[in-house]
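Student:
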Amino acid sequence: SSSSSSMTSLDQSSKYIPAAPILLPQGPWKEVPGGVIAAKGFKAVGMYGGLRAKGEKPDLALVTCDVDAIAAGVFTTNVVAAAPVIYCKKTLDNCNTARAVLINAGQANAATGDAGYQDVIECATSVAKEALLHSLPKLIDSLSSTIDGGDSAAVAITTTDLVSKSVAVECEVGGALVRVGGMAKGSGMIHPNMA
Amino acid sequence: TLLGVITTDALVTSDVWRKMLLTAANRSFNQITVDGDTSTNDTVIALASGLSGSTKISSLNSYEAKQLQACLDAVMQGLAKSIAWDGEGATCLIEVTVTGTNYEAEAAKIARSVASSSLAKAFNSLLSLTFFAAIYGRDPNWGRLACAAGYAGIAFHPNDLRISLGDTILMDKGQPLPFDRAAASSYLKRAGETHGTVKISICVGNGQGWAQAWGCDLSYDYVKINAEYTT
Numbered sequence: 021s022s023s024s025s026s027m028t029s030l031d032q033s034s035k036y037i038p039a040a041p042i043l044l045p046q047g048p049w050k051e052v053p054g055g056v057i058a059a060k061g062f063k064a065v066g067m068y069g070g071l072r073a074k075g076e077k078p079d080l081a082l083v084t085c086d087v088d089a090i091a092a093g094v095f096t097t098n099v100v101a102a103a104p105v106i107y108c109k110k111t112l113d114n115c116n117t118a119r120a121v122l123i124n125a126g127q128a129n130a131a132t133g134d135a136g137y138q139d140v141i142e143c144a145t146s147v148a149k150e151a152l153l154h155s156l157p158k159l160i161d162s163l164s165s166t167i168d169g170g171d172s173a174a175v176a177i178t179t180t181d182l183v184s185k186s187v188a189v190e191c192e193v194g195g196a197l198v199r200v201g202g203m204a205k206g207s208g209m210i211h212p213n214m215a
Numbered sequence: 023t024l025l026g027v028i029t030t031d032a033l034v035t036s037d038v039w040r041k042m043l044l045t046a047a048n049r050s051f052n053q054i055t056v057d058g059d060t061s062t063n064d065t066v067i068a069l070a071s072g073l074s075g076s077t078k079i080s081s082l083n084s085y086e087a088k089q090l091q092a093c094l095d096a097v098m099q100g101l102a103k104s105i106a107w108d109g110e111g112a113t114c115l116i117e118v119t120v121t122g123t124n125y126e127a128e129a130a131k132i133a134r135s136v137a138s139s140s141l142a143k144a145f146n147s148l149l150s151l152t153f154f155a156a157i158y159g160r161d162p163n164w165g166r167l168a169c170a171a172g173y174a175g176i177a178f179h180p181n182d183l184r185i186s187l188g189d190t191i192l193m194d195k196g197q198p199l200p201f202d203r204a205a206a207s208s209y210l211k212r213a214g215e216t217h218g219t220v221k222i223s224i225c226v227g228n229g230q231g232w233a234q235a236w237g238c239d240l241s242y243d244y245v246k247i248n249a250e251y252t253t
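Just so you know, the sequences run in chain order R and Z. Here my numbering is used: the first residue of the first sequence is 21, the next is one more, and so on. Here my numbering is used: the first residue of the second sequence is 23, the next is one more, and so on.
(1) Once you ignore the five residues that flank M98 (chain Z) on each side, which residues in its own chain have a CB closer than 8 Å to its CB?
(2) Please decide whether F178 (chain Z) counts as near chain R, where near means a Cβ-Cβ distance under 8 Å.
(3) Are there three or more Cβ pairs, one per stretch, closer than 8 Å when the segment 177-188 of chain R is compared with the segment 108-124 of chain Z?
(4) Does the segment 79-98 of chain Z touch the segment 192-210 of chain Z, meaning 3 or more C-beta pairs lie closer than 8 Å?
(5) Within the same chain, show all residues whose beta-carbon is closer than 8 Å to that of L163 (chain R), passing over the 5 residues directly before and after it, in chain order.
(6) Do you know whose CA, among Z:G175, Z:G227, Z:T30, lies nearest A89 (chain R)'s CA?
(7) Give, in chain order, every unbroken run of the alpha helix (DSSP H) that is at least 4 residues long and sits entirely within the segment 93-132 of chain R.
(8) Under 7 Å, CB to CB, which of the residues in the segment 89-120 of chain Z have a partner in chain R?
(9) Please report whether the beta-carbon of D181 (chain R) lies at a distance below 8 Å from any beta-carbon of chain Z.
(10) Can you confirm whether S139 (chain Z), when its beta carbon is compared against all beta carbons of chain R, has any partner nearer than 8 Å?
(11) What is the DSSP secondary structure of D139 (chain R), counted as helix, strand or coil?
(12) Looking at the structure shown, is V256 (chain Z) part of a helix, part of a strand, or coil, going by DSSP?
(13) If contacts are defined as beta-carbon pairs under 8 Å, then D57 (chain Z) and I210 (chain R) qualify, I think. What distance do you get, rounded to the angstrom?
(14) So, are the CB atoms of K185 (chain R) and M214 (chain R) less than 8 Å apart?
(15) Among R:I57, R:P45, R:I106, whose alpha-carbon lies nearest the alpha-carbon of A130 (chain R)?
(16) Cutting at 7 Å between CB atoms, please list the residues of its own chain near A168 (chain Z), excluding the five before and the five after it.
(17) Going by the DSSP bridge assignment, what does E250 (chain Z) pair with across the sheet?
(18) When the Cα atoms are used, what is the spatial distance from L73 (chain Z) to G195 (chain R)?
(19) Who are the neighbours of V105 (chain R) on chain Z, taking C-beta pairs under 9 Å?
(20) Using a Cβ-Cβ cutoff of less than 7 Å, which residues in the same chain neighbour G208 (chain R) once the five nearest sequence positions on both sides are dropped?
(21) Which same chain residues, not among the five before or five after S237 (chain Z), have their C-beta less than 6 Å away from its C-beta?
(22) Note down the Cα distance separating E254 (chain Z) from G231 (chain Z), rounded to an integer number of angstroms.
(23) Roughly how many angstroms lie between the CA atoms of S140 (chain Z) and R166 (chain Z), to the nearest whole one?
(24) Would you say T166 (chain R) lies against chain Z (beta-carbon separation less than 8 Å)?
(25) Going by DSSP, what residues sit across from G201 (chain R) in a beta bridge?
(26) Could you tell me which chain R residues have their CB closer than 7 Å to the CB of W39 (chain Z), listed as they occur along the chain?
(27) Would A59 (chain R) pass as a contact of G201 (chain R) if the rule is Cβ separation under 8 Å?
(28) Taking the alpha carbon of I123 (chain R) as the reference point, which residue from R:A40, R:A174, R:P45, R:V189 has its own alpha carbon closest?
(29) By the criterion of Cβ-Cβ separation under 9 Å, what are the contact partners of I54 (chain Z) in chain R?
(30) Taking C-alpha atoms, which residue in Z:Q197, Z:A174, Z:L44 lies nearest to S135 (chain Z)?
(31) Nearest-angstrom Cα distance between D86 (chain R) and N181 (chain Z)?
(32) Quick check: L69 (chain Z) and A118 (chain R), are their CB atoms within less than 8 Å of each other?
(33) When you compare each of R:A135, R:Y36, R:G61 to A102 (chain R) by their alpha carbons, which one comes out closest?
(34) Let me know if I141 (chain R) comes out buried or exposed under the rule of 16 or more other beta-carbons within 10 Å of its beta-carbon.
(35) How should Q234 (chain Z) be labelled, buried or exposed, when 16 other C-beta atoms within 10 angstroms of its C-beta is the threshold for buried?
(36) Name, please, each residue of chain R whose Cβ falls closer than 7 Å to the Cβ of V27 (chain Z).
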């Protein structure tokens with residue numbers, strides 16, 4: 021096991037919650053910092069967009085890729101899927117690539133019916149109102165390929181989490197050094213059954 | 023709710039990347055449980071930029087695909103375990119390893135059944151409406167672990183059952199063994215005090231299948247957190 025190197029980072033995001041100890045399985049890989057931005061071509065940022073009811077912990081995260089990235093997804097098999105899940109499934113049904121993932125915290129978005137789905141469409145096309153709309157230009161301007169960018173995004177997607185979760189590894193694949201990174205959130209309502 | 027974003031600079035075809043993500047999800051996020059509630063929002067999105075300069079991976083059976091799959095599994099398992107570790111109110115991570123089945127999927131099903139068991143992690147006292155956990159209560163109760171393995175829906179002979187808690191063997195060849203109860207209880211207590219890991223190993227036969235699942239103990243704080251939380 022090893023601790024994420026971001027655990028000792030003094031960046032802005034660590035003011036809110038510490039980084040989780042990441043229990044990486046043993047293998048030929050080497051842990052590297054950065055989480056989602058560790059791999060070439062990715063930028064990320066997290067910021068407070070005024071979406072949370074309480075506090076000013078970052079609540080809006082954006083991960084982008086400089087090129088069209090081959091995209092895949094697994095989703096809840098819960099019949100009552102939230103609007104963003106339906107949107108992402110439809111998008112990946114129709115397209116093999118993606119350039120960005122936008123994630124918000126602090127706004128419940130399940131069982132919101134047609135109005136909820138319309139909100140998702142509006143968010144995705146950057147015409148949402150108030151907090152989200154006002155935050156998007158700043159969010160995009162703040163995108164960064166630095167470790168802080170990855171760390172702040174990992175904090176921005178958390179809800180009741182006491183720690184942020186972010187990790188990346190580097191390994192030789194097919195004669196080249198390849199990086200795989202990621203971030204996740206989750207603390208309660210956790211019994212995933214995704215496909 | 024679980025949300026995850028995975029990125030890589032490996033060059034991989036869409037078909038292979040989607041299958042890899044599903045395999046990794048089944049070995050990681052789909053093998054964790056905190057409270058048994060499947061969210062309406064669970065999502066993992068994985069993006070591959072192809073900018074590493076590596077050769078294109080277009081077959082799942084290639085050596086390069088196996089290398090990338092191992093990396094993907096490792097990252098997603100690391101993240102998945104940190105979610106179970108951070109389960110609401112949790113004082114420790116529970117790692118269940120099952121061996122001896124014919125297939126990986128069978129071992130995975132048994133492991134998740136044990137990690138999910140409310141009897142293994144807690145039993146609910148209806149009289150007081152408070153929770154006492156087998157793990158949280160530091161009680162090395164092998165019977166609850168055996169029970170959860172038994173109802174997983176995977177057939178095995180009870181006489182093949184072997185259960186260990188950390189380094190302590192609680193049951194072998196289907197028979198409970200005399201063990202140092204104080205040491206086993208101390209193992210659980212230590213994990214709880216340090217927010218460490220409780221390792222449970224279960225063997226059900228001689229097959230090559232093996233898998234892991236991860237959960238956490240159930241403490242009083244779980245109820246408190248969820249009574250106070252709303253969106």
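Glycine is no exception: its CB is placed at the ideal position from the N, C-alpha and C atoms. From a predicted model like this one, the values you see are computed outputs, not experimental measurements.
Tutor: Per the coordinate set shown:
(1) For the purposes of this step, residue 98 (chain Z) is taken as residue 76 along the second sequence, with counting starting at 1. Excluding sequence neighbours, M98 (chain Z) sits near G26, I28, A46, A47, R49, S50, F51, V66.
(2) Counting from one through the second sequence, the residue named residue 178 (chain Z) turns up at place 156. F178 (chain Z) does not count as touching chain R.
(3) yes
(4) no
(5) Numbered from 1 along the first sequence, position 143 holds the residue referred to as residue 163 (chain R). Excluding positions up to five away in sequence, the list reads K63, A64, V65, L82, T84, G169.
(6) Residue numbering aside, residue 89 (chain R) sits at position 69 when the first sequence is read from its first letter. For the residues Z:G175, Z:G227, Z:T30, the minimum Cα distance to A89 (chain R) belongs to Z:T30.
(7) 103-114
(8) Q89, L90, A92, C93, L94, A96, V97, M98, Q99, G100, L101, K103, S104, I105, W107, D108, G109, E110
(9) Counting from one through the first sequence, the residue named residue 181 (chain R) turns up at place 161. Closer than 8 Å to some Cβ of chain Z, the Cβ of D181 (chain R) qualifies, so yes.
(10) Numbered from 1 along the second sequence, position 117 holds the residue referred to as residue 139 (chain Z). No, S139 (chain Z) does not count as interfacial toward chain R.
(11) By 1-based counting over the first sequence, the position of residue 139 (chain R) is 119. Three-state result, D139 (chain R): helix.
(12) Within the shown structure, residues of chain Z are numbered from 23 to 253, placing residue 256 (chain Z) beyond reach of any answer.
(13) On the second sequence, position 35 is the one that residue 57 (chain Z) refers to. On the first sequence, position 190 is the one that residue 210 (chain R) refers to. Between I210 (chain R) and D57 (chain Z) the Cβ distance is about 6 Å, and since that is below 8 Å, they are a contact.
(14) The residue labelled residue 185 (chain R) in the question sits at position 165 within the first sequence. The residue labelled residue 214 (chain R) in the question sits at position 194 within the first sequence. Against a cut-off of 8 Å, the Cβ pair of M214 (chain R) and K185 (chain R) comes out as no contact.
(15) Along the first sequence, read from residue 1 onward, the residue named residue 130 (chain R) stands at position 110. Nearest option by C-alpha distance: R:I106.
(16) Looking up residue 168 (chain Z) in the second sequence gives position 146. The residues are L183, I185, M193.
(17) Translated into the one-based positions of the second sequence, residue 250 (chain Z) becomes position 228. Paired residues: none, contrary to the question.
(18) Position 51 of the second sequence holds residue 73 (chain Z). Position 175 of the first sequence holds residue 195 (chain R). Each residue's alpha carbon lies about 14 Å from the other.
(19) Stepping through the first sequence from its first residue, residue 105 (chain R) is reached at position 85. Ordered by position in chain Z, the residues that pass the 9 Å Cβ test against V105 (chain R) are T62, N63, D64, T65.
(20) As a working mapping, residue 208 (chain R) is identified with position 188 in the first sequence. For G208 (chain R), where only same-chain residues beyond five positions count, the Cβ hits under 7 Å are T180.
(21) Indexing the second sequence from 1 puts residue 237 (chain Z) at position 215. It is worth fixing the name first, because residue 237 (chain Z) is Gly in this sequence and not Ser. Hits under 6 Å: T55, A106, I116, A137.
(22) Residue 254 (chain Z) lies beyond the residue range present for chain Z, which begins at 23 and ends at 253; the question has no answer from this structure.
(23) For the purposes of this step, residue 140 (chain Z) is taken as the residue at position 118 of the second sequence. For the purposes of this step, residue 166 (chain Z) is taken as the residue at position 144 of the second sequence. Their backbone Cα atoms lie some 9 Å apart in a straight line.
(24) Residue numbering aside, residue 166 (chain R) sits at position 146 when the first sequence is read from its first letter. Answer no: the Cβ-Cβ gap between T166 (chain R) and chain Z never drops below 8 Å.
(25) Here the question's residue 201 (chain R) lines up with position 181 in the first sequence. Answer is R:A188, Z:T29, bridged to G201 (chain R).
(26) Looking up residue 39 (chain Z) in the second sequence gives position 17. Result: I90, A92.
(27) Taking the first residue of the first sequence as 1, we reach residue 59 (chain R) at position 39. Taking the first residue of the first sequence as 1, we reach residue 201 (chain R) at position 181. Against a cut-off of 8 Å, the Cβ pair of G201 (chain R) and A59 (chain R) comes out as a contact.
(28) For this step, residue 123 (chain R) is matched to residue 103 along the first sequence. Minimum Cα distance to I123 (chain R) is reached at R:A174.
(29) Your numbering for residue 54 (chain Z) matches position 32 in the second sequence. Within chain R, the residues near I54 (chain Z) are G206, I210, H211, P212.
(30) The count along the second sequence starts at 1 and reaches residue 135 (chain Z) at position 113. The option with the nearest alpha carbon to S135 (chain Z) is Z:A174.
(31) In the first sequence, the residue the question calls residue 86 (chain R) occupies position 66. In the second sequence, the residue the question calls residue 181 (chain Z) occupies position 159. If I take the Cα positions, the gap works out to 57 Å.
(32) Here the question's residue 69 (chain Z) lines up with position 47 in the second sequence. Here the question's residue 118 (chain R) lines up with position 98 in the first sequence. Yes. Within cutoff.
(33) Position 82 of the first sequence, counted from the first residue, corresponds to residue 102 (chain R). It is R:A135.
(34) Numbered from 1 along the first sequence, position 121 holds the residue referred to as residue 141 (chain R). Exposed, because fewer than 16 other Cβ atoms sit within 10 Å of the Cβ of I141 (chain R).
(35) Indexing the second sequence from 1 puts residue 234 (chain Z) at position 212. Flag for Q234 (chain Z) reads buried.
(36) On the second sequence, residue 27 (chain Z) is found 5 positions in, with the first residue counted as 1. Under the 7 Å cutoff, chain R gives V56, V83, V121, G202, M203.
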